[in-house]
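Student: FYI, the numbering for the sequence shown is 4 to 122, going by the working numbering. Positions of the beta carbon are idealized from the N, C-alpha and C atoms, including for glycine.
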Amino acid sequence: MPRAATTSDAFNAVAEPRRRDILEFLAPGERPVNDVVAALSLAQPSVSKHLRVLLQVGLVEVRRDGRQLLYRTNAEALRPLHDWTGRFERYWRNQLLRVKERAEQQTKQIDQDKKRKPS
């Protein structure tokens, strides 16, 4: 089965780790391309390509300030990603609680065994 185009939806766009890095960098506020390049140590053409993909799927927005383009994340477009990953967050939280309970039971058992054994 052929892979979907990176611009087909937000999920395909964020499959690329560098795009996730760019989104994370832009999360606090809008930034020019050169800031992204410097912060992530990527080539400017590569950053521009990734920003274009993120722009096409709506995950980032751009505004012109004189000659400079400023990019920022589009929080509303990120909502479907957040909602979907949230389901797994609940699953992992439950899994971690089970691991914690098991570890606590084992610790209690070890403590009880130590008390029973004479030194």
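Does PRO83 come out as helix, strand or coil in the three-state DSSP assignment?
Tutor: By one-based count along the sequence shown, residue 83 stands at place 80. Helix, per DSSP.
Student: Taking the alpha carbon of LEU72 as the point to measure from, which residue in ARG23, VAL39, ASP114 has its own alpha carbon closest?
Tutor: Here residue 72 refers to the residue found at position 69 of the sequence shown. The shortest C-alpha separation from LEU72 is found at VAL39.
Student: Would you check if the region 21 to 30 and the region 70 to 84 touch, i.e. whether three or more CB-CB distances between them fall below 8 Å?
Tutor: Counting Cβ pairs under 8 Å, three or more are found: they touch.
Student: Work out the CA separation of GLY32 and PRO83 for me, nearest whole Å.
Tutor: Against the sequence shown, residue 83 aligns to sequence position 80. Against the sequence shown, residue 32 aligns to sequence position 29. So the two alpha carbons sit approximately 20 Å from each other.
Student: On the criterion of 16 or more Cβ atoms from any shown chain inside 10 Å, does ALA16 qualify as buried, or is it exposed?
Tutor: On the sequence shown, position 13 is the one that residue 16 refers to. The residue in question, ALA16, is buried, as its Cβ has 16 or more Cβ neighbours within 10 Å.
Student: With 16 other CB atoms within 10 Å as the buried threshold, where does ARG22 fall?
Tutor: Sequence index remark: in the sequence shown, residue 22 carries index 19 (1-based). Counting Cβ neighbours within 10 Å, ARG22 comes out buried, since at least 16 surround it.
Student: Under 8 Å between the Cβ atoms of VAL36 and SER49?
Tutor: What you label residue 36 is simply residue 33 of the sequence shown in a count that begins at 1. What you label residue 49 is simply residue 46 of the sequence shown in a count that begins at 1. Not closer than 8 Å, so no.
Student: So what's ASP68 in DSSP terms, helix, strand or just coil?
Tutor: One-based indexing of the sequence shown puts residue 68 at position 65. Of the three classes helix, strand and coil, the one that applies to ASP68 here is strand, per DSSP.
Student: Starting from ALA41, follow the alpha helix (DSSP H) in both directions and report where the run begins and ends.
Tutor: Residue mapping note: residue 41 aligns to position 38 of the sequence shown, counting from 1. Taken as a continuous stretch (DSSP letters only), the alpha helix (DSSP H) holding ALA41 covers 36 to 43.
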